[in-house]
Amino acid sequence: MSVLELARPEIRAMQPYSSARMEASGGQVLLNANESAWAPTGDDGLGCNRYPEPQPAALVDTLAALYGVRREQLLVGRGSDEAIDLLVRAFCRAGADAILIQPPTFGMYAVCARVQDADVIEVALADDFTLDVDAVLAAVTPAVKLVFVCTPNNPSGQRVPRTSIERLLQALAGRALLVVDEAYVEFADEGSVVDLLDRYEHLAVLRTLSKAWALAGARIGCLLAHAEVITLLRRIMPPYPLPLPCVAAALAAFSATGQDEARRHIASVRAQRERMRAALSALPGVCAVLPSQANFLAVRFQHAGAVQQKLLAAGIVVRDVRRYPNLADALRITIGTPQENARVLAVLQEPSP
Ligand SMILES: *Cc1c(COP(=O)(O)O)cnc(C)c1O
């Protein structure tokens, strides 16, 4: 069976919108899209008077080379958040289908499912935040069309072993799409599972430029998947998702200098993460620092609320993750510059009044 048989039949059948930009090819005098013939003030050669390419070729080729996929296997959108939303809308019929997640995990999977009126089936991670493959598979009903696995997981920081991903893929063939969210994989010891794409047509991998590539403000993320899945999602994607200035910012980040810089920053975050883990573990009031393969640490405190207030009073904002299952005493602290991290430690070392 084709993976497309898991998708909503009405999406497979619909006639997609065909934009002027898609239909134009090779002309010099562009009078087909009701754009302004004049660039705006301050445009500086960018050409913002024209609609952008729906999938900018230069960016798609750069990202395909970076991630090791063919360009037909890649969809660029407004952050991986958009890819999550597109997947849910294309695969889950409202009021009928479901997604499966493993809390505590990233919140957007459930939010997108609820907007689509798809059910959210939860199989909690174990107490040590490992993923129980058998429990996940036992919970997969015929309604489940998408299984999301976040690795390294936000907010716990742990990675799901590749062997678990492969077991899930083998068992889910013909039943559901496995969506592996690798937002933090650049910070991990083990690499991506993207090389499995050619073996499993029901695998989809999410990557983002928001974390390791320092481009959260440009809102660019990718879905790597079977070419047929990419084509399907393009049917329901708005015609011009990527603003020209954002694409330009991303291309600049992938220059040779940009790549060197990103690699240096990733190495710094990894080193600082281990340093912070050791230093935080030694502080009074800290119960545990969860092992992390991402650019943050989940830290259990005796009095998490008071610690959050103390940091805030010093101008340091961390994430309260106490609403997540199994993290009722925890804060999530992003790894910053060495100076920022030192400030966190200094504040936490001050005796409380
Ligand atoms: C930050 C994050 C993303 C990235 O979202 P973007 O929309 O690409 O900025 C995706 N997944 C997880 C788990 C994240 O923590």
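According to numbering that gives the first Met the number 0, the sequence shown is numbered sequentially starting from 0. Idealized CB from N, CA, C, for every residue including glycine.
Cβ contact annotation for Val146 (same chain, cutoff 6 Å, sequence separation greater than five): Leu99, Ala175 and Leu177, in chain order. Taking non-hydrogen atoms of ligand 1 into account, the C-beta of Phe186 is found less than 7 Å away from none of them. A direct Cα-Cα distance of roughly 23 Å separates Ala134 from Val2. Between Phe295 and Arg206, the alpha-carbon positions lie close to 17 Å from each other.
Look at Ala329: its beta carbon is at least 7 Å from all of the heavy atoms in ligand 1. In the three-state reduction of the DSSP assignment, Ile315 falls in the coil class. If you draw a 10 Å sphere on the C-beta of Thr256, you find fewer than 16 other C-beta atoms in it, and that means exposed. A check of alpha carbon separations from Gln301 across Val132, Leu282 and Leu5 identifies Leu282 as the nearest. By the Cβ-count criterion, Leu208 is buried, with 16 or more other Cβ atoms from all chains shown falling within 10 Å of its own Cβ. Rounded to whole angstroms, the Cβ separation of Leu223 and Ala203 is 7 Å, and the two are in contact under 8 Å. Taking 8 Å as the cut-off, the beta carbon of Ile334 is found no closer than this to the beta carbon of Val298. The Cβ atoms of Ala38 and Asn48 lie closer than 8 Å to each other.
Taking Pro102 as the centre and dropping the five residues before and after it, the same chain places the C-beta of Glu121, Ala123 and Pro324 closer than 6 Å to its C-beta, in chain order. Under the three-pair Cβ rule at 8 Å, the stretch 82-100 counts as touching the stretch 227-235.
The criterion of a C-beta distance shorter than 8 Å is satisfied by Asp180 and Cys149.
If you draw a straight line from the Cα of Arg218 to the Cα of Arg77, it comes to about 5 Å. Set against 7 Å, the gap from the CB of Lys309 to the closest heavy atom of ligand 1 is not smaller. In the DSSP annotation of this structure, the continuous segment of the beta strand (DSSP E) that includes Phe295 starts and ends at Phe295 to Phe300.
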